[in-house]
Amino acid sequence: MRFTLTLHDYLSQYIHNITNEDDHCPVCYGRELQHDSKHDVQHVLDCYKADLLYRALREYKLTKGHNPDGDTLSLLIQLVHKRVSEQMLNCCELLETRCVVD
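Here the sequence shown stands for residues 2 to 103, where the numbers follow our numbering.
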């Protein structure tokens, strides 16, 4: 069974993986990390967004019995982007708090 964690958890696992020279993405588990933080963080974000969208589409189909129309799909994509943006802000706030405390 696969769990969806928070973005903060995935980014923490990314840092752990890179520190231990592990090139596995913490979201998709593929050997995708290149030890280039810009590339790697973007990859983790893209995987996280894709996973959230997949879960939203699956839930929609299970509850409605069909795939969403174009407008509903657009709305789901916007909601995923909003959720990820909010979680990014949360990560930044956590980092700022840790930096002030440390």
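Where a beta carbon is used, it is the ideal one built from N, C-alpha and C, also for glycine.
Query raised in the report: Roughly how many whole angstroms lie between the Cα atoms of I19 and Y11?
Result: 12 Å
**Report entry** Supposed close pair T7, D52 - CB separation, criterion 8 Å
**Finding:** Not quite, the Cβ-Cβ distance comes to about 12 Å (not below 8 Å), so this is no contact.
Report task. Excluding the 5 residues preceding and the 5 following N91 in the sequence, name in chain order all residues of the same chain whose CB lies nearer than 7 Å to its CB. Result -> H9
Requested in this report: Using 10 angstroms around the beta-carbon of H44, count the other beta-carbons present and answer buried if the total reaches 16, otherwise exposed.
Outcome: buried
Report task. Locate the alpha helix (DSSP H) running through E60, then write down its first and last residues. Result -> 38-65
Requested in this report: Leaving out five residues on either side along the sequence, give the residues of the same chain with a beta carbon under 8 Å from the beta carbon of D24.
Outcome: N18, R32, E33, L34, Q35, H36
Query raised in the report: How should Y1 be labelled, buried or exposed, when 16 other C-beta atoms within 10 angstroms of its C-beta is the threshold for buried?
Result: Residue 1 cannot be examined here, being either before or after the span of the chain that is shown, 2 to 103.
Query raised in the report: Grouping DSSP H, G and I as helix and E and B as strand, with all else coil, what is E22?
Result: coil
Query - Pick from Y30, H40, Y49 that is closest to K83, judged by C-alpha positions - result: Y49
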